[in-house]
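Written out below as structure tokens is the structure these notes cover.
Below you can see the structure in the form of structure tokens.
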């Protein structure tokens, strides 16, 4: 079939192709596969609870993560497909993502609902989580008022009527009393693209009404923010001040509009907007970029002993974050007003900057979270404290439990992980097959190993070129070879002790020599690495009472990753604590 | 950063040799055994795996502040809304369910007040078009009614997206 060049996806149109990510220690030691579609990478990852889930990641972030920090070589098989087919594939993957998110939201909502109904059955005092309420000092004394919220309340009452807040409060309480607790019709997802209705509505309605009641209380009493939810992103640049003031005015308008909105979950958004408004006004009066902390509650953190060997790298990272904050302020200075995505970008940036700055100065833990988030602090509010009793309502506890079990079974069937039959590469190929039909792509059942899948893709598809992205260490080595004496560079960089590019860390396990850039001597390097790891294990036995077996374990894993090198196979390439992103 | 950008043909020996060597090696027993033992298509996020290191601090810092710039966030949000609305099409779901779905999508892209943005309605219009609806049907959709009734300019923006 002949097609005009413009109808084919290639460099000129949307970049499309299969990505093979080489092996390294840590997750995906046997390699990984992804699909590049324009500026985005789609790939299947094993995440929470061991489910294999589709992930969408910006291409540059994907590269930075795998190619730089993870130090893995990447091959991209750029593939020609008619642009209509590429668009269909993109839509299909977005549908998969949409349905997947709905399915996991439903699962969580059903779990919440079962817990709630069981609580009602047992007659316990029920407390429901109210998102973003924890941003405010809920238990503050009534005389502690937030000036910004006080002014906002006046504006609301002037614009919407003096009884408006009382009216919403009464409505919320009535809704809490009237929420129907009977079991809903359960639709189980049969396929990965089926968008089933939103479930767990009883729980959601209770939560929404309670949130509305709590939101009105916050505004009515002008409850101040909690001090600990604020982060300091440094000085507000004079040129950015006007943009920030513009955003604050926009927030006030947004709050007025949301108060009149019919959106059932508007209270959460209102609490966030009110908290942001209060933080900005505080910041504007002090000249500091005060923002809300975006790290989710209960997120993991890295303790000081785990990062103390990388202080220099983390100081560089801190400088980069500070630079980005100033750049972002300058970029948005020219805007009359910024929108929520821009503001949230600043919030996330300021949070990372503040977190790292505080941790490095106090030698404390650093919280971590991947991706941007909206600020949230959840607070549980007891229904009894609002004067609501749910006793005596018709319950469907058994039906809800059965429904949850059925839903769980379906989720396991759809998203369960199986190392040979349902992994990152088989799911990718299966998704492509189900989009364009069988025969267009290599069969998902024949590509159990990432590299094998990639090889089949190259042999069966119309691949225009294979782009090779060498790992970060090899790129740096290449630069050094070109600018310095190659022998000196080699002798310095071939081992983990004298290398100027690589710094040893606990993630990479014990090893002495890099074997990813040599082929013939690899078994010899492997032998030395085996001996080195063995010695570390032996020393680890002696140190075990002091380091809880950490060195022994590192040595053991070092040995495991060294053995393939004896057979010419390299897995371990070393990873980096920090690499400046492009 | 990219090297070896040549057509995948006889001339591209470097890539071919590397792939060939890997191909042979990948079949070795140890690779298989270790692959089985160690593989897993995961890369750590904050919740799931080997995140207790300074490497994860870097990843957390750059992922939360670097490459996902606001323009990309908006673009991804718009695509998700189009997909959502096109999946619903003539569905008879209620307005509350629809709005909860919109909030969930918006939240994933760090947007809380999705109702307040013109690009939301333009995306809804594009989704309706993609679903194959006629324009006359749009105003009668039960899940859109409260949104449209609240502000007449919203229908205008939906039309803008519908005609794109």
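Residue numbers (our numbering), protein chains in the order written: chain A, 1 to 582; chain B, 1 to 164.
By construction, the Cβ of each residue, glycine as well, lies at the ideal position given by its N, Cα and C atoms.
Residue 111(B) and residue 341(A) do touch by the CB rule: their CB atoms are close to 6 Å apart, below 8 Å. Between the region 466-480 of chain A and the region 561-569 of chain A, the count of Cβ pairs shorter than 8 Å is below three; the stretches do not touch.
Secondary structure at residue 226(A): coil, using DSSP grouped into helix, strand and coil.
At the C-beta level, residue 513(A) and residue 525(A) come within 9 Å of one another.
At a cut-off of 9 Å between beta carbons, residue 136(B) makes no contact with chain A. Counting only Cβ-Cβ distances below 8 Å, residue 577(A) has contacts in chain B at 53, 54, 55, 57 and 58, in chain order. With a cut-off of 8 Å on Cβ pairs, the region 231-238 of chain A is not in contact with the region 138-157 of chain A, counting fewer than three such pairs.
The distance from the Cβ of residue 577(A) to that of residue 60(B) is about 12 Å, inconsistent with a contact at the 8 Å cut-off. Of all residues in the region 351-372 of chain A, only 351, 352, 353, 355, 356, 359, 366, 367, 368, 369, 370, 371 and 372 come within less than 9 Å of chain B when Cβ atoms are compared, listed by chain position. The C-beta of residue 147(A) comes no closer than 9 Å to any C-beta of chain B.
By the neighbour-count criterion, in which a residue is buried when 16 or more other Cβ atoms sit within 10 angstroms of its Cβ, residue 580(A) is exposed. Annotation for residue 537(A): the continuous alpha helix (DSSP H) segment containing it runs 522-547. Near chain B, meaning a CB-to-CB distance below 7 Å, the residues of the region 297-311 of chain A are 299, 300, 302, 306, 307 and 310.
Distance check between residue 319(A) and each of 427(A), 349(A) and 292(A) places 349(A) closest, using alpha-carbon atoms only. For residue 57(A), the number of other beta carbons within 10 angstroms of its own is at least 16, and it is reported as buried. The closest CA to that of residue 290(A), considering only 275(A), 122(A), 486(A) and 161(A), is found on 275(A).
Within chain B, 83 have C-beta atoms less than 7 Å from the C-beta of residue 91(A), given in sequence order. Under the 10 Å beta carbon count, residue 238(A) is surrounded by fewer than 16 other beta carbons and is classified as exposed. Taking residue 39(A) as the centre and dropping the five residues before and after it, the same chain places the C-beta of 58 and 59 closer than 7 Å to its C-beta, in chain order.
Looking only at 427(A), 473(A) and 114(A), the smallest Cα-Cα distance to residue 453(A) is reached by 427(A). Along the region 256-282 of chain A, going in chain order, the ones with a CB nearer than 8 Å to a CB of chain B are 257, 258, 260, 261, 262, 263, 264, 265, 268, 269, 272 and 273. Exposed is the label assigned to residue 546(A), since fewer than 16 other Cβ atoms lie within 10 Å of its Cβ. In this structure, the beta-carbon distance from residue 98(A) to residue 416(A) does not fall below 9 Å.
Secondary structure at residue 101(B): helix, using DSSP grouped into helix, strand and coil. Look at the region 53-118 of chain A and you find these whole runs of alpha helix (DSSP H), each 4 residues long or longer: 59-63.
As for any alpha helix (DSSP H) of minimum length 4 sitting wholly inside the region 291-341 of chain A, the runs are 304-307 and 311-333, ordered along the chain.
The CB of residue 198(A) comes closer than 7 Å to the CB of 97, 100 and 101 in chain B, given here in chain order. Apart from sequence neighbours up to five positions away, the residues of its chain that approach residue 78(B) with a beta-carbon distance below 7 Å are 119 and 123, ordered along the chain. Think of a sphere of 8 Å around the beta carbon of residue 313(A): the chain B residues whose beta carbon falls inside it are 54 and 58, in chain order. The criterion of a C-beta distance shorter than 9 Å is satisfied by residue 131(A) and residue 211(A). A distance of 9 Å or more separates the beta carbons of residue 562(A) and residue 544(A).
The C-beta separation of residue 54(A) from residue 35(A) comes to about 10 Å, leaving the pair out of contact by the 8 Å criterion. Considering only 456(A), 114(A) and 331(A), the residue with the shortest C-alpha distance to residue 345(A) is 331(A).
110, 111, 112, 113, 115, 116 and 117: these are the residues of the region 110-122 of chain B whose beta carbon lies less than 8 Å from some beta carbon of chain A, given in chain order. Secondary structure of residue 282(A) (DSSP, three-state): helix.
Under the Cβ criterion of 9 Å, residue 86(B) is counted among the residues facing chain A.
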